[in-house]
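Encoded as structure tokens, the structure appears first; notes follow it.
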Amino acid sequence: MIQCLDKYKINIYSEIIYRYDQMEKIMMKIISHRILITVVCFSVLFLGCIEEENNKIELPIDTPEEAIEYAKTDNNTKEWIEAYSELGYKIIEDASVDNQSIWYVRFEVVWNMEGRPFLIRKIHSNGTILSRWGGI
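The following block contains the structure:
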């Protein structure tokens, strides 16, 4: 009878240890996921700060110059300006605002052919690019 009780105790102890190990693994997963989420959140915040520092434009956008500089941070706009500049064309920049803090930034290529390539960026003063379009 004593042997049977000892085996029973051993089984209970091993079950407790097994459950404890499983619980410990689950807790480690939860902790590692929380750490990962925290790192990702801080990375996004930090990268956002770096991007704003690189832009050197304080939001909200208040002046035509700020609107133009902010529009130039858009990758498609950068590539478009660089492509025409490398071909030797001059780019005209213009910005206007409507009564709802929406900026319209226009980039236009100066050349002597009929029709001029242009880009327009519609930007909210908080920095959100609302639309992009262009044409000739």
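Just so you know, this note's numbering puts 8 at position 7 of the sequence shown, and the rest follows in order with no gaps.
Ideal Cβ positions, reconstructed from N, Cα and C, are used throughout, including at glycine.
- Taking 9 Å as the cut-off, the Cβ atoms of F108 and I93 count as close.
- Excluding sequence positions up to five before and after Y21, its CB lies less than 8 Å from no other CB in the same chain.
- Excluding five sequence positions before and after K91, the CB atoms of its chain that fall closer than 8 Å to its own CB belong to V110 and V111, given in chain order.
- Looking only at H125, W134, Y85 and G135, the smallest Cα-Cα distance to D99 is reached by H125.
- The Cβ atoms of N127 and I62 lie closer than 9 Å to each other.
- Contact between R117 and D75 fails: their C-beta atoms lie close to 20 Å from each other, not under 8 Å.
- Sorting G136, I13, I103 and I69 by C-alpha distance to the C-alpha of E115 places G136 at the top.
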